[in-house]
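Engineer:
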Amino acid sequence: MSLTGYLILGMTYAFAAAVQPGPFQTYLVSQTLANGWRRTIPAAFAPLISDGPIIVMVLLILSRMPGWLVQVLQCAGGVFLLYLAIGAFKTWQDFDVKKAVQIHSNRQTVIKAAMVNLLNPAPYIGWSLVMGPLLIKGWREATAHGIALLIGFYATMILVTLGIMLLFAAAGNLGMQVSRALVGFSAIALVCFGLYELWLGAGVDWWK
2 MSLTGYLILG MTYAFAAAVQ PGPFQTYLVS QTLANGWRRT IPAAFAPLIS
52 DGPIIVMVLL ILSRMPGWLV QVLQCAGGVF LLYLAIGAFK TWQDFDVKKA
102 VQIHSNRQTV IKAAMVNLLN PAPYIGWSLV MGPLLIKGWR EATAHGIALL
152 IGFYATMILV TLGIMLLFAA AGNLGMQVSR ALVGFSAIAL VCFGLYELWL
202 GAGVDWWK
């Protein structure tokens with residue numbers, strides 16, 4: 002796979018992860034509505050803090066696994082992504098941010114946002130089944146490939162998160178409508194990414 006391919010994969014998974022309603026996104030939206038987007042912007046960078054220990058732990062385990070077991074994990078990751086796609090489609094069908102978002106009066110901090118993300122099981126599952134095996138594969142091919150995957154992932158994650166926060170800050174109803182559309186797009190992206198992971202797990206790389 003080319004460097005651009007890894008960049009696109011990182012961007013695709015980050016987009017799908019960023020637009021899914023969950024503990025981290027809910028926290029950021031609630032803080033945006035309660036305290037304004039200017040105070041909440043630093044919290045969008047929290048994954049850069051919280052994901053570090055998760056990535057190190059996952060990579061230490063995956064780097065010691067035989068190649069065939071990493072391929073099994075990629076197949077499991079593909080199934081997991083298709084499962085997420087089904088969930089995203091259901092969320093798109095019955096989207097209601099108002100039920101998920103609760104306003105908090107506590108002052109937000111980057112550390113608190115990082116703790117919310119650290120206690121969220123999604124990053125652990127995502128890095129174990131999806132991003133981890135891809136990062137190991139890319140890093141073994143070329144260091145630049147692994148770096149491209151990380152840059153694509155975190156740059157997209159932060160930019161999409163900031164975009165959602167600004168939408169809700171500007172107009173809550175508009176933010177909900179756009180968020181629903183983004184969830185629909187993420188369902189399509191997850192299906193494509195999931196099928197690609199299954200393809201990789203089967204031992205075939207169509208980027209070559």
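Residues 2 to 209 in this note's numbering are what the sequence shown lists, from first letter to last.
A virtual CB, placed ideally from N, CA and C, is assigned to each residue, including glycine.
Computed from a predicted model, the values in this text were never measured in an experiment.
Evaluate contact between the segment 122-141 and the segment 67-79, counting only Cβ atoms and requiring at least three cross-stretch pairs below 8 Å.
Structural biologist: The segment 122-141 vs the segment 67-79: in contact.
Engineer: By the three-class DSSP mapping on this structure, what secondary structure does M2 have?
Structural biologist: DSSP places M2 outside both helix and strand once states are collapsed to three, so it counts as coil.
Engineer: State the CB to CB distance for the pair T218 and L49, rounded to an integer number of angstroms; the pair is presumed to be in contact (CB under 8 Å).
Structural biologist: Residue 218 cannot be examined here, being either before or after the span of the chain that is shown, 2 to 209.
Engineer: Here's a check: name, in chain order, each residue in its chain whose Cβ is nearer than 8 Å to the Cβ of G164, leaving out the five neighbours to either side.
Structural biologist: none
Engineer: From the DSSP output, in three-state form, read off D95 for me.
Structural biologist: coil
Engineer: Which value, in whole angstroms, describes the spacing of the CA atoms of I148 and T162?
Structural biologist: I148 and T162 have their alpha carbons spaced roughly 21 Å apart.
Engineer: Please identify the residue among M166, A182, W200, T157 whose C-alpha is closest to the C-alpha of A18.
Structural biologist: T157
Engineer: Indicate whether Y14 and H146 have their beta-carbon atoms separated by less than 8 Å.
Structural biologist: no
Engineer: Could you tell me whether the segment 83-91 touches the segment 184-201, using the rule of 3 or more Cβ pairs below 8 Å?
Structural biologist: With a cut-off of 8 Å, the segment 184-201 and the segment 83-91 count as touching, because enough Cβ pairs lie within range.
Engineer: Quick one: give me the first and last residue of the alpha helix (DSSP H) that F154 is part of.
Structural biologist: 144-171
Engineer: Helix or strand or just coil, what does DSSP make of Y197?
Structural biologist: helix
Engineer: What's the C-alpha gap between I9 and C193?
Structural biologist: 12 Å
Engineer: Candidates R65, E142, G88, G153: which alpha carbon is nearest L191's?
Structural biologist: G88
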